[in-house]
Amino acid sequence: MNYTEIIKRIEESKDLPVVNREINEIMVMLNDSESLNIEELAEKISKCGNLKETLLVNINSGYFKLARRVESLSDAIIYLGMMTVEKLIIAYLIKSLFPDNLGKPTKLSRDKYWKHCLGTSIAANILAEKLGKQDNYRYFAYGLIHDIGVMVIDVCLPDVIDEVVKMQYKGIHQIVAERLIMQGYTHTHAGALLCEKWNLPNDVKAIIEHHHTPLMADGYLEDVIIMNVADSISTLYYERLLCMNTNYVFDKKAMEVLGISMQDIESISEVLPQKVDEVSKQLGWQPLENCNPLPQFGHMLLSSNSLSQK
Numbered sequence: 001m002n003y004t005e006i007i008k009r010i011e012e013s014k015d016l017p018v019v020n021r022e023i024n025e026i027m028v029m030l031n032d033s034e035s036l037n038i039e040e041l042a043e044k045i046s047k048c049g050n051l052k053e054t055l056l057v058n059i060n061s062g063y064f065k066l067a068r069r070v071e072s073l074s075d076a077i078i079y080l081g082m083m084t085v086e087k088l089i090i091a092y093l094i095k096s097l098f099p100d101n102l103g104k105p106t107k108l109s110r111d112k113y114w115k116h117c118l119g120t121s122i123a124a125n126i127l128a129e130k131l132g133k134q135d136n137y138r139y140f141a142y143g144l145i146h147d148i149g150v151m152v153i154d155v156c157l158p159d160v161i162d163e164v165v166k167m168q169y170k171g172i173h174q175i176v177a178e179r180l181i182m183q184g185y186t187h188t189h190a191g192a193l194l195c196e197k198w199n200l201p202n203d204v205k206a207i208i209e210h211h212h213t214p215l216m217a218d219g220y221l222e223d224v225i226i227m228n229v230a231d232s233i234s235t236l237y238y239e240r241l242l243c244m245n246t247n248y249v250f251d252k253k254a255m256e257v258l259g260i261s262m263q264d265i266e267s268i269s270e271v272l273p274q275k276v277d278e279v280s281k282q283l284g285w286q287p288l289e290n291c292n293p294l295p296q297f298g299h300m301l302l303s304s305n306s307l308s309q310k
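Numbering-wise (the UniProt record's numbering), the sequence shown opens with residue 1 and increments by one.
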């Protein structure tokens with residue numbers, strides 16, 4: 001199956017969610033944040049199913065460590081900042097468009113893959129806090145949607161997902177498996193395609209398209225690199241959930257740009273399983289048992305001409 005055939009199958013798929021008028025209007029408003037009217041945005045969100053309730057319930061869950069309960073979108077913005085709330089809205093909109101029962105692969109564990117996305121969110125949040133980012137919870141939202149391309153392939157090309165997972169169990173990196181099976185196409189390409197179709201903001205597109213190739217991003221470079229490292233940390237966690245033993249690698253250049261060490265990565269990795277379980281409970285998700293103990297760290301570091309840059 002070549003590049004053109006894959007895009008055609010995605011474009012023609014009847015399973016790919018269609019953004020309705022209400023959601024599209026919200027996306028357009030969020031793309032023009034400089035002239036954004038908060039009250040108008042809140043009104044549109046209140047008309048979009050249970051998005052408002054879901055958003056407020058999750059913000060009040062305890063993870064965001066708010067001083068008091070927030071009752072409105074305006075309250076949430078005061079405590080978390082406009083950019084963070086914008087990204088959380090996008091994340092929950094996208095998750096609502098890809099319900100758990102939509103995909104068809106038999107080999108992919110969606111529950112455990114969602115744990116990877118949540119793990120990426122938490123790892124990115126911790127990294128951003130270590131780096132002194134004022135809006136560190138924005139990275140939590142990025143993590144929830146960074147792998148939207150996997151969701152696209154999940155619903156449009158379930159046979160491909162199954163083949164990728166089979167190769168992963170043989171110790172082959174996910175991106176390498178995707179490139180082999182789809183002749184160079186990966187979930188990051190599928191994610192970028194959806195970003196264009198749904199008119200998602202440029203920073204979200206950069207995260208989705210380049211979290212495996214951070215130094216190729218045209219903009220939002222530091223944000224993309226943070227998500228690259230967070231994704232790598234969470235991938236180790238995810239592969240232990242699946243009882244895989246892939247020799248995963250971290251990009252040395254990405255770590256140098258951020259000024260972080262393997263000790264920083266190890267400290268985040270050690271607390272991540274517990275953090276994921278805690279946040280899962282806070283958000284109403286059931287924890288998963290890990291089949292392996294925490295990995296011992298002897299991971300390879302990649303140089304700037306590494307896999308992540310190919």
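Don't be surprised by glycine CBs; every beta carbon is placed ideally from N, CA and C.
Which first and last residues belong to the alpha helix (DSSP H) in which residue i is found?
i	result
D251	Note, D251: premise wrong, no alpha helix (DSSP H); beta strand (DSSP E) at 249-251.
residue 328	The displayed coordinates of the chain run from 1 to 310. Any statement about residue 328 would go beyond what the structure contains.
A190	187-198
D277	262-282
Y238	221-241
K205	202-210
R9	3-12
L51	51-59
Run through DSSP, which three-state label would residue i get?
i	result
G81	coil
L73	helix
P158	helix
D218	coil
D111	helix
V18	coil
H116	helix
I244	For the sequence presented, residue 244 should be read as Met rather than Ile. Coil.
R68	coil
G149	helix
M255	helix
L36	coil
L41	helix
I172	coil
M300	For M300, the predicted structure reports a pLDDT of 39, less than 50, and the residue's modelled location is therefore unreliable. A value from the coordinates is still provided. If DSSP states are grouped into helix, strand and coil, M300 belongs with the strands.
Y92	helix
residue 372	No answer is possible for residue 372: it lies beyond the span of the chain, which begins at 1 and ends at 310.
M167	helix
M182	coil
My assumption, with CB atoms under 8 Å, is that residue i sits in contact with residue j. Please give the rounded CB distance.
i	j	result
H189	G149	7 Å
L30	K95	That pair is no contact at about 16 Å.
V19	G119	Their Cβ separation, rounded to whole angstroms, is 27 Å, which puts V19 and G119 out of contact at 8 Å.
T106	D162	6 Å
Would you say residue i lies against chain C (beta-carbon separation less than 8 Å)?
i	result
Q168	Although the question refers to chain C, the structure presented lacks it and comprises just one protein chain.
> Taking three-plus beta-carbon pairs below 8 Å as touching, is the stretch 3-13 in contact with the stretch 64-77?
Replying inline: no
> Between the stretch 152-170 and the stretch 209-216, are three or more C-beta pairs nearer than 8 Å?
Replying inline: With the rule of 3 Cβ pairs closer than 8 Å, the stretch 152-170 does not count as touching the stretch 209-216.
> Would you say the stretch 118-126 touches the stretch 221-238, given that touching needs at least three Cβ pairs under 8 Å?
Replying inline: Yes, the stretch 118-126 touches the stretch 221-238.
> Counting Cβ pairs, one atom from each stretch, are 3 or more of them under 8 Å apart for the stretch 155-171 and the stretch 196-211?
Replying inline: no
> Is the stretch 130-141 close to the stretch 75-88, with three or more CB pairs under 8 Å?
Replying inline: yes
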